[in-house]
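In this note's numbering, the protein residues as written are 93 to 1106. Ideal placement from N, C-alpha and C gives every residue a C-beta, glycine not left out.
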Amino acid sequence: MSHFRVFAGVLRGGRVRGRQGVRASGAGPAAGVVDRRSCSSGAVTGPSALTSNPSYVEEMYFSWLEDPKSVHKSWDMFFRNMEASPSGEAADRRPSTLLRGRTLSHSSDVAQKVVEDHLAVHTLIRAYQTRGHHVAQLDPLGILEADLDSFVPSDLITSIDKLGYYDLKESDLDRSFQLPSTTFIGGEDSTLPLREIIRRLEMAYCGHIGVEFMFINNVDQCQWIRNKIETPGIMRFTDADKRTLLARLIRSTRFEDFLARKWSSEKRFGLEGCEVLIPALKTIIDESSAAGVDSVIMGMPHRGRLNVLANVIRKDLDQIFCQFDPKLEAADEGSGDVKYHLGMYHERINRKTDKNITLSLVANPSHLEAVDPVVQGKTKAEQFYRGDVEGKKVMSILIHGDAAFAGQGVVYETFHLSELPSYTTHGTIHVVVNNQIGFTTDPRVARSSPYPTDVARVVNAPIFHVNADDPEAVVYVCQIAAEWRSTFNKDVVIDLVSYRRFGHNEMDEPMFTQPLMYKLIRRQEHVLKKYSDHLIAEGVVTLQEYEEEVAKYDKICEEAYASSKDEKILHIRHWLDSPWPDFFTAEGEPKSMSYAPTGLDEEILQHIGKAASSVPLEDFNIHHGVSRILRGRADLVAKRQVDWALAEYMAFGSLLKDGIHVRLSGQDVERGTFSHRHHVLHDQEVDKRICVPMNYLWPNQAPYTVCNSCLSEYGVLGFELGFAMASPNALILWEAQFGDFHNTAQCIIDQFISSGQAKWVRNNGIVLLLPHGMEGMGPEHSSARPERFLQMSKDDPDHFPEFSPDFEVQQLYDCNWIAVNCSTPANYCHVLRRQVLLPFRKPLIIFTPKSLLRHPDARSSFDDLTTGTKFKRLIPDEGPAGQDPARVKRVIFCSGKVYYDLAKERKDQKLEREVAIVRLEQISPFPFDLVRTEAEKYVDAELVWCQEEHKNMGYYDYVRPRFLTVLANRKPIWYVGREPAAAPATGTRSTHLTELKRFVETAFSLSAFQEKGS
93 MSHFRVFAGV LRGGRVRGRQ GVRASGAGPA AGVVDRRSCS SGAVTGPSAL TSNPSYVEEM
153 YFSWLEDPKS VHKSWDMFFR NMEASPSGEA ADRRPSTLLR GRTLSHSSDV AQKVVEDHLA
213 VHTLIRAYQT RGHHVAQLDP LGILEADLDS FVPSDLITSI DKLGYYDLKE SDLDRSFQLP
273 STTFIGGEDS TLPLREIIRR LEMAYCGHIG VEFMFINNVD QCQWIRNKIE TPGIMRFTDA
333 DKRTLLARLI RSTRFEDFLA RKWSSEKRFG LEGCEVLIPA LKTIIDESSA AGVDSVIMGM
393 PHRGRLNVLA NVIRKDLDQI FCQFDPKLEA ADEGSGDVKY HLGMYHERIN RKTDKNITLS
453 LVANPSHLEA VDPVVQGKTK AEQFYRGDVE GKKVMSILIH GDAAFAGQGV VYETFHLSEL
513 PSYTTHGTIH VVVNNQIGFT TDPRVARSSP YPTDVARVVN APIFHVNADD PEAVVYVCQI
573 AAEWRSTFNK DVVIDLVSYR RFGHNEMDEP MFTQPLMYKL IRRQEHVLKK YSDHLIAEGV
633 VTLQEYEEEV AKYDKICEEA YASSKDEKIL HIRHWLDSPW PDFFTAEGEP KSMSYAPTGL
693 DEEILQHIGK AASSVPLEDF NIHHGVSRIL RGRADLVAKR QVDWALAEYM AFGSLLKDGI
753 HVRLSGQDVE RGTFSHRHHV LHDQEVDKRI CVPMNYLWPN QAPYTVCNSC LSEYGVLGFE
813 LGFAMASPNA LILWEAQFGD FHNTAQCIID QFISSGQAKW VRNNGIVLLL PHGMEGMGPE
873 HSSARPERFL QMSKDDPDHF PEFSPDFEVQ QLYDCNWIAV NCSTPANYCH VLRRQVLLPF
933 RKPLIIFTPK SLLRHPDARS SFDDLTTGTK FKRLIPDEGP AGQDPARVKR VIFCSGKVYY
993 DLAKERKDQK LEREVAIVRL EQISPFPFDL VRTEAEKYVD AELVWCQEEH KNMGYYDYVR
1053 PRFLTVLANR KPIWYVGREP AAAPATGTRS THLTELKRFV ETAFSLSAFQ EKGS
């Protein structure tokens, strides 16, 4: 709706009073005012008193448009307020169209023209606000438009003939027009000539800064940005500010120059072409520090990483330079990672604000955007543990490349976490280093969106495009971004439109694929030279002062280079991005190699059991189905038994009592995909009234967080991994809806969880709960792909270890992660508690059940959980076969749910004495000691490995060589299970049952392997 229509609508909706001799009741200018134009007749009226004579008000409106001072100030205020009403009309509608079909009571053609022209100017202003960024001068090279489109929007006045679009003429350029309240270009002036309006709009929106914000659906936020962009002279820098900016630019540029001189043939992924990134980041940190932030967590790809480490995080230069020594040996576990993947944690004084600030740069692999959700999770965790509920103390900064930002889906997934209550970090500042090229790929074939940053529009984040060769414009945009984040606690994007002076890496030849671009780049003057010449010409610095600043930093680099030659060993521990000083010794080792018992007192079990089967709030109306589940839990507790859900309750509740924060996240985890958990109860009568009984277990307990995530695996798993990085004194779990779904989070698993400790000495205790089991549900809801996790386990299948009293703990300490498939609820409870009680942290992969959640035999007694009990890495046969091993002819080793199928078949065939069934609960690291004990126990029996997964999947390829190592190759271990296949499971229920019947019967066929062996 146009402003005029809004105004006219108000007139029609009010009461009517005559124009002559009527005084409105009440006080104040809105109630009764004297019209200057009718004072001679004694008419006293006001805007709110007019109800029957819209023609009079229209006349006043026309007069106000021509000259606001010609009417009383109350009319001026009234019309200004009407103009401030938000417009819903499309910005590119012609002004004449806005009034088409409307008959005005004022018959003057002049008045009609006045209205149309003012509406045209208002629409013109909106056009610049909406689309001015399309013609902003953003590319330092002047080759491409930043939006990949050289088309100039038709509603922007780029030449005199464009005035016709608004039915305006060249003669109108010197006419003054009333400015709407939705612009700040007038400063203190309420009217400006059209020529000046256009000039100021071009300065605000079409210079070296292009702003996208008009899609934001919050009027106050839009007004805030307009104020920062449009107000004349608002971008001001003192001489001291300019000298600081110059000094930072010198450090950024000379650092890259130094590396290029010393290691000309080394890859370093330098920042040349976007050196302004360093002043940009430092400005964001300065402004955020001034607003109260004292911890900044950053994530970035490899380009410019060394420069950021040196000049933002302030890593010692000699530690960076020594990384280039090819003779450097690794002192810590593994080989570490390449220097431009490493992270850092550093606490220092911010010189601009004189406040302490902690800076953390999270290590990241070459999967460029994979670190995004990890940073967000780590930030959320620090905010959570510090009670920073509004993100005023801890914040995140993410640096991106343009091609990756547009191309990698985890960016979208991460953005969609930004406003979710359990995942928000209250605003992230995104900085895109826009090289305008991805490796060798031209942006015109690398993305379908106009800008690489368009993905940010989905969360109403303002986007500031800025020419990276204008350092002052960059710094100003960074100031706005920091203030936006502090004010609104929302994401914001800075797009540094720059270029890449060299190829993808310093050894690459970019002329192969971008010859014209790189011809221009070779002639392009460095931004430091441009800016220093500008300041010298301004008289801000002298040439001598500039040269002294350059020489000063060069000397720092040379001294660090000399010192770096003394470093012969690489200590990756110096590059930790998440140190846990209270958890490890000063050398980074565990403080002991033992852990507290995982068994629980009977009274604790009873207390948790009662709480798990009741509702702690009065007058809380739960669903009748939930009531039935709670009654079932109460019956189990009365029998001193637990099922899977209750065992989980016992584990979580007991850890909360000990002050351990528990966080469970994933798709539908509050209820549980299989409707077994119900950790969040919903009042059936009161909307949004919920209850989390786990948070009512103990006085002064640790908090329990259970939160349904958005439908994301990659982003959410990365987030939870980052959350687990922040503190070792927490149990952080991510549950997949089905185990198969971790496929789309494989990057996080491969790059961070499996190899994080080897690459970055990063301990992490995250737990992955992956529902797994063949139950005829089809290939996409059956397998958590255990073979993938086992293939990436680093224990040696051919090495028979030496056993010692602490063999279990030493094995866990040496492994890269732990993979278990528990067959009893008690073992599940114990392994969760062990995860936190261990003196170190390893990722834990649990292949959780589906049908066993309610299987009548999948129950555990309190006796399996009480004091003195512990997690069983292997469960031996405790029936007749185990009691009389000499009579046993066959030992079936298995893991997980298939045990119950085998146990039923054994019972049906009455083979309890002839066949023993042994369960491997912990698959990796492999329990060599316990397997040897079982093999020696049944010395004359055949050994069989049985699994429900296909032969080329599951556990067989992992366990077979380890069994042979235990047996010293003196005896075979036979395979029983499904044949090799391409898909994890059949989609036909009948086929599934036929396969199950066949291999279970084969497992107990005592002649099958004798015939095969002969």
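| Check | Outcome |
| --- | --- |
| Reference H864; option with closest CA among Y591, E1040, D546 | E1040 |
| Where L271 sits in the DSSP three-state scheme | coil |
| Length of the line joining the Cα atoms of T137 and F154 | Residue placement at T137 is flagged as unreliable, the pLDDT there being 48, under the threshold of 50; a coordinate-derived value is accordingly withheld. |
| Buried/exposed call for D349, threshold 16 Cβ in 10 Å | buried |
| Span separating the alpha-carbon of V486 from that of T1025 | 52 Å |
| CA nearest to the CA of E777, picked from L809, G960, T506, D711 | D711 |
| From Q571, W576, N527, A876, residue whose alpha carbon lies closest to that of G1042 | Strictly speaking, residue 1042 in this sequence is His, with Gly absent from that position. The shortest C-alpha separation from H1042 is found at A876. |
| Exposure label - R965; buried when at least 16 CB within 10 Å | buried |
| Outcome for V207 when other beta-carbon atoms lying within 10 angstroms are tallied against a minimum of 16 | buried |
| C-beta contact flag for G391 and V466 at 8 Å | yes |
| Any beta strand (DSSP E) of 3 or more consecutive residues that is wholly inside the stretch 414-469 | 436-442, 447-453 |
| The stretch 928-948 / the stretch 731-748 touching (three or more Cβ pairs under 8 Å) | yes |
| For E1026, the first and last residue of its enclosing alpha helix (DSSP H) | 1020-1029 |
| Distance between beta carbons of E304 and P682, contact taken as under 8 Å | So it is not a contact: roughly 51 Å between Cβ atoms. |
| Opening and closing residue of the alpha helix (DSSP H) in which L351 lies | 331-354 |
| CA-to-CA distance, I405 to D159, given in whole angstroms | 57 Å |
| Cβ shell of Q411 (< 7 Å), same chain only, five flanking positions each side left out | H666 |
| DSSP state of A135 mapped onto helix, strand, coil | Low local confidence applies: a pLDDT of 41 at A135 is under 50, so the model's placement there is unreliable, and no value is given. |
| Straight-line Cα distance separating D266 from L216 | 16 Å |
| Nearest-angstrom Cα separation, counted from M685 out to F1091 | 42 Å |
| Segments assigned alpha helix (DSSP H), at least 4 residues, entirely inside the stretch 686-722 | 694-704 |
| V859 vs Q793 beta-carbon contact at 8 Å | no |
| Opposing strand residues paired with R1011 [DSSP bridges] | I967, C986 |
| Sub-8 Å separation of I721 and H770 beta-carbons | yes |
| Where the beta strand (DSSP E) through Q843 begins and ends | Taken as a continuous stretch (DSSP letters only), Q843 belongs to no beta strand (DSSP E), as it is neither H nor E. |
| Alpha-carbon spacing of P418 relative to K359, whole angstroms | 13 Å |
| Touch test, the stretch 607-618 against the stretch 626-637, Cβ-Cβ under 8 Å, three pairs minimum | no |
| Beta strand (DSSP E) segments (min. 3 residues) lying fully within the stretch 763-836 | 796-800, 822-827 |
| Beta-carbon gap between Y992 and I1015 smaller than 8 Å | no |
| Segments assigned alpha helix (DSSP H), at least 4 residues, entirely inside the stretch 910-949 | 917-929 |
| Of the residues G974, A816, N597, the one placed nearest P935, counting alpha carbons only | A816 |
| Reduced DSSP secondary structure (H/G/I, E/B, other) of T533 | strand |
| Three-state secondary structure (DSSP) of E288 | helix |
| Those residues which DSSP pairs with T517 across a bridge | In DSSP, T517 forms no bridge with anything. |
| Distance CB(S767)-CB(W826) smaller than 8 Å | no |
| Boundaries (first-last residue) of the alpha helix (DSSP H) holding Y568 | 563-580 |
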